[in-house]
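J.:
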Amino acid sequence: MDAPERLAELSHRSALAGAAVVADNLSIRFGQGETATAALSDISLTIGQGDFVSLIGPSGCGKTTLLRAIADLVQPTSGLLRVNGMTPEAARLARAYGYVFQAPALLPWRSVARNVTLPLEIIGMGRAERQAEAKRNLDLVGLGDFAGKFPWQLSGGMQQRVSIARALSFKPSLLLMDEPFGALDEITRDGLNLHLHELWARTGLTAVFVTHSIPEAVFLSTHIVVMSRRPGRVVEVIESTLPRARRLEDRETPEFLALSKRVRTALHDGHGHA
Amino acid sequence: MTQKILPIVTVLIAVLILWYAAAVWLNAPQAEALMDPDQPHGLWALAQACWSMDRPVLPAPDQIASALIDSVFGFPLSSPRNLLLQAGYTAATTVIGLIFGLIFGILLAIGIVHVRTLDRSVMPWVIASQTIPILAIAPMLVVALGSMGVTGLTPKAAIVAYLTFFPVTVGMVKGFRTPDPLQLDLMHTYSAGEMTVFAKLRWPAGMAFLFPSLKVAVALAVTGAIVAEMPTGAQVGLGARLLAGSYYGQTMMMWSALVMASLLALAGLLAVTLLERGVVLMRGGRL
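So the sequences go chain by chain: A and B.
Under UniProt numbering, the first residue of the first sequence is numbered 1, with each subsequent residue one higher.
Under UniProt numbering, the first residue of the second sequence is numbered 1, with each subsequent residue one higher.
#1: Residues in the same chain with beta-carbon distance under 8 Å from A:I214, minus the five sequence neighbours each way, listed in chain order, please.
#2: Can the beta-carbon of B:L58 be found less than 7 Å from the beta-carbon of B:A23?
#3: Report the three-state DSSP secondary structure of A:M1 (helix, strand or coil).
#4: Counting along the chain, where does the alpha helix (DSSP H) carrying B:G171 start and finish?
#5: On the DSSP letters alone, give me the boundaries of the alpha helix (DSSP H) that B:Y89 sits inside.
#6: Given that B:G284 touches chain A, what residues does it touch there, using C-beta distances under 7 Å?
#7: Does the beta-carbon distance from A:L175 to A:L205 come in below 7 Å?
#8: When we look at the beta-carbon of A:W109 and count the other beta-carbons within 10 Å, is it buried (16 or more) or exposed?
#9: According to DSSP, is residue 320 of chain B part of a helix, a strand, or is it coil?
#10: Which runs of the beta strand (DSSP E) spanning at least 3 residues fall entirely within the stretch 149–207 of chain A, listed in chain order?
#11: Under a Cβ-count criterion, where at least 16 other Cβ atoms within 10 Å of its own Cβ denotes burial, should B:E194 be classed as buried or exposed?
#12: Among A:S111, A:L168, A:V116, A:R130, whose alpha-carbon lies nearest the alpha-carbon of A:G148?
#13: So the candidates are A:F256, A:S228, A:I164, A:G124; which of them puts its Cα closest to the Cα of A:A217?
#14: State the start and end residues of the unbroken beta strand (DSSP E) segment that holds B:S71.
#15: Could you pull the start and end residues of the alpha helix (DSSP H) that B:D185 belongs to?
#16: Kindly indicate if chain B contains any beta-carbon less than 7 Å away from that of A:A71.
#17: In chain order, what residues of the same chain have a beta carbon less than 7 Å from the beta carbon of B:L269, not counting five sequence neighbours either side?
#18: Please name the residue, chosen from A:T37, A:I238, A:A69, that lies closest to B:H188 on a Cα-to-Cα basis.
#19: Can you tell me which of B:L184, B:S213, B:K156 puts its alpha carbon nearest to the alpha carbon of B:L102?
#20: Would you say A:F101 reaches chain B, if we count a Cβ-Cβ gap shorter than 7 Å as a contact?
#21: Please report the Cβ distance between A:H18 and A:Q49, rounded to the nearest whole angstrom; I am assuming they are in contact, meaning their Cβ atoms lie under 8 Å.
#22: Helix, strand or coil for A:H212 per DSSP?
#23: I'd like the list of long-range same chain contacts for B:G284, defined as Cβ closer than 8 Å, with 5 residues on each side in sequence excluded.
#24: Measure the Cβ-Cβ separation of B:L238 and B:T90 and say whether it is below 7 Å.
#25: Kindly list, in the order they appear in chain B, the residues whose Cβ is closer than 7 Å to that of A:P108.
#26: Looking at the secondary structure, which residues open and close the beta strand (DSSP E) in which A:T37 lies?
#27: Hey, could you find the ends of the beta strand (DSSP E) A:D24 is sitting in?
#28: Could you give the distance in angstroms between the alpha-carbon of A:S41 and the alpha-carbon of A:R247?
#29: If I measure Cβ to Cβ from B:F75 and keep anything under 8 Å in the same chain, skipping five residues before and after, which residues do I get?
#30: Which residue from B:P155, B:H114, B:A128, B:G224 puts its Cα closest to that of B:I134?
#31: Would a check of beta-carbon distances place B:S213 closer than 7 Å to chain A?
#32: Mind the definition here: the stretch 155–162 of chain A touches the stretch 183–201 of chain A only if three or more C-beta pairs lie below 8 Å; say whether that holds.
#33: Taking CB distances under 7 Å as the criterion, tell me whether A:R92 reaches chain B.
#34: Using only the alpha-carbon positions, how far apart do A:F52 and B:K200 sit?
#35: In the structure shown, what three-state DSSP assignment does B:L46 receive?
#36: Does DSSP put A:S221 in a helix, a strand or coil?
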């Protein structure tokens, strides 16, 4: 089967299955010739609509690269990648996703509200409309009262919540998050995890979440994709056995701990193979 | 408040004392020659003579002050001998030249940041342009433009623009490049074009670099305007007064023009600072 045919089949399949993201034999290499390094190797993965999928693995396993490829920030070297049945570029142009970076990346000269309206300003939405939209999204992350503040007046955790509100601006069906809480302290992180979980449960978004924290991955996800070190491969996709609604206390249950152990074992296996 | 003012006042008093001493030291030979050799005179009388000469080598501060006040209030505003009128000519040259230098400097920076070839090819020329002494190029430019029928304010403003675009270009190239890769990625996820990235990200980020550049440019602009006024007969402006003063040995005239020039530069800096404060205020207290 040649490439266009395969592509047509995949697009068809992902549309039928309602998949948010389909990767098939996806490989990404950086650089040319001798110095080229393989970041991702033969990734095949399907992320269903409404799933919360965590990508977990050691540093340098390419989890961020995979997320960036979905967002069309990195080009695949070979293989196929479809986002909502479209190429990543088409999905980006269709504003199908919101992206949350490792750092909040807020513009310091804009107020919180104007940071959240930035993407809407760029697509040329009217002032009143985008302000209403920003208020809605800020309320969603619990920062409705901070609209007039400036980023430097907010804590790190609040800044990251603003960046989540901003990522929701296009009303995307897909939320891509690259270790958004990695730089935060544990208590703040717990709070934000719970908040994110509620947001996801309420909105029915598809979420792809990069992390290197096992408890975070297990707590948030419906599916955990365990990856191995360079070149990045998928070791195992673990489907969560936990109920959809979750509380922080659930992290003490035997079920949670058993799931964490499975993830840890898979991580060790992946490490061993590499 | 006293903590702020006290050091300033101390330095000012020290400068004044040194100045009066220097005036005695520099003017003494001439003052002594003017005094009656038969009359015995003490050191104090000599000092007083040194501080009240008509054409001293170094006028005393109070002489400069009274000359300055006299040249501002002693003549009607329409008289060419009014220093305020002359300062007005220089100010007009400065402001118009500065505006053109600012526009050209920013446009050049935009080109350098966005076009790779310009980055490689133009920057060395921009730096080379500033290694040419302005004193050498100013008369040539004024004469060359004059021969083409361009006279008056335009050639002088061109010289000011030539001097002022440089700090603006250097500062703004740096400023437009401050957005980090994360912010650029963010704009990419919005599928924002280069124009949008510039308007929403590069330009506001560059603001922090605009004002320091502008302050350097203001100081250069006043210098440039005065230098530009000197060739071709030194008709109007503070530069013309400086040159005329030096022709006729009128040190007081030169000094009052000098003081006026620094007041002009100070006013310019104050205007930039106020503008900066306004922008900072709009941005919630930080640039």
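For glycine and all other residues, C-beta sits at the position ideal for the given N, C-alpha and C.
T.: Let me lay it out:
#1: I56, S260, V263, R264, L267
#2: yes
#3: Here A:M1 scores only 47 on pLDDT, less than 50, and its place in the model should not be relied on; the value that follows carries that caveat. It is coil, neither helix nor strand.
#4: First-last of the alpha helix (DSSP H) with B:G171: 153–176.
#5: Here the alpha helix (DSSP H) through B:Y89 covers 83–114.
#6: S111, F150
#7: yes
#8: buried
#9: Chain B is shown only over 1 to 287; residue 320 of chain B falls outside these bounds and no answer can be derived.
#10: Those beta strand (DSSP E) runs which fall completely within the stretch 149–207 of chain A and span 3+ residues are 174–178.
#11: exposed
#12: A:S111
#13: A:F256
#14: Here B:S71 belongs to no beta strand (DSSP E); instead the alpha helix (DSSP H) covers 61–73.
#15: 181–189
#16: At least one chain B Cβ lies under 7 Å of A:A71.
#17: K215, V218
#18: A:A69
#19: B:S213
#20: Chain B, which has a Cβ nearer than 7 Å to the Cβ of A:F101, makes this yes.
#21: The sequence shown places Gly at residue 18 of chain A, rather than the His named in the question. The pair is a contact, with the Cβ atoms about 5 Å apart (cut-off 8 Å).
#22: coil
#23: none
#24: yes
#25: R286
#26: 37–48
#27: 19–30
#28: Distance from the CA of A:S41 to the CA of A:R247, rounded to the nearest whole angstrom, comes to 36 Å.
#29: R81, N82
#30: B:G224
#31: Not a single C-beta of chain A is nearer than 7 Å to the C-beta of B:S213.
#32: yes
#33: Chain B contact via Cβ: present.
#34: 32 Å
#35: helix
#36: Collapsing the DSSP output to three states places A:S221 in coil.
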